[in-house]
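>
Numbering (our numbering), first residue to last: 302 to 414.
#1: Less than 8 Å between the CB atoms is what I'm expecting for residue 396 and residue 327, so what's the real figure, rounded?
#2: From 309, 310, 320, pick the residue whose C-alpha is nearest to that of residue 376; which is it?
#3: Between which two residues does the alpha helix (DSSP H) carrying residue 322 extend?
#4: Does the contact criterion of 3 or more C-beta pairs under 8 Å hold for the stretch 357-371 versus the stretch 331-340?
#5: Within 10 angstroms of the Cβ of residue 356, are there 16 or more other Cβ atoms? Answer buried if so, exposed if not.
#6: Does DSSP put residue 413 in a helix, a strand or coil?
#7: May I ask which residues mark the beginning and end of the alpha helix (DSSP H) holding residue 393?
#8: Using 8 Å as the threshold, is the stretch 341-353 in touch with the stretch 373-391, meaning 3 or more CB pairs across them?
#9: Grab the span of the alpha helix (DSSP H) containing residue 358 for me, first residue to last.
#10: Rounding to the nearest angstrom, what Cα-Cα distance links residue 414 and residue 371 in this structure?
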């Protein structure tokens with residue numbers, strides 16, 4: 302399968318949300334990112350700096366498990382690492398503020414168009 306090209310970040314984010322249509326995958330992302338951040342900042346606060354790097358396998362391990370087990374697709378991180386990193390936080394923001402329905406991969410405002 303070829304590498305998909307995007308002309309803008311908004312175009313990529315729409316694709317990103319489509320790749321996260323299964324709510325179990327989205328919640329694995331949320332769990333991994335949240336736990337990864339707790340480990341990262343906890344390690345810094347306790348001055349265990351090498352432990353701070355554990356956020357990587359924690360966050361990405363949860364996210365990639367969601368893709369391979371529930372979505373059956375390849376994580377967007379493989380082709381667009383920075384946009385995917387940013388999009389993860391953006392998607393979680395939509396989830397936690399109720400702007401992304403649990404039964405959909407689209408933000409509420411785009412469903413109303």
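Just so it is clear, CB atoms sit at the ideal spot from N, CA and C, and this is done for glycine as well. No experiment lies behind these values; they were computed from the predicted model shown.
Taking the definition as stated:
#1: 6 Å
#2: Of 309, 310, 320, the residue nearest in Cα terms is 320.
#3: Per DSSP, residue 322 belongs to no alpha helix (DSSP H) and is neither H nor E.
#4: Short answer: they touch.
#5: buried
#6: Unreliable placement is indicated for residue 413, whose pLDDT of 41 sits below 50; the coordinate value is still reported in the next sentence. Coil at residue 413, not helix or strand.
#7: 382-397
#8: no
#9: Element bounds for residue 358: 356-366.
#10: Confidence at residue 414 is low in this model, with a pLDDT of 39, below 50, so its placement is unreliable and the value that follows should be read with caution. Straight-line measurement puts the Cα of residue 371 at about 28 Å from the Cα of residue 414.
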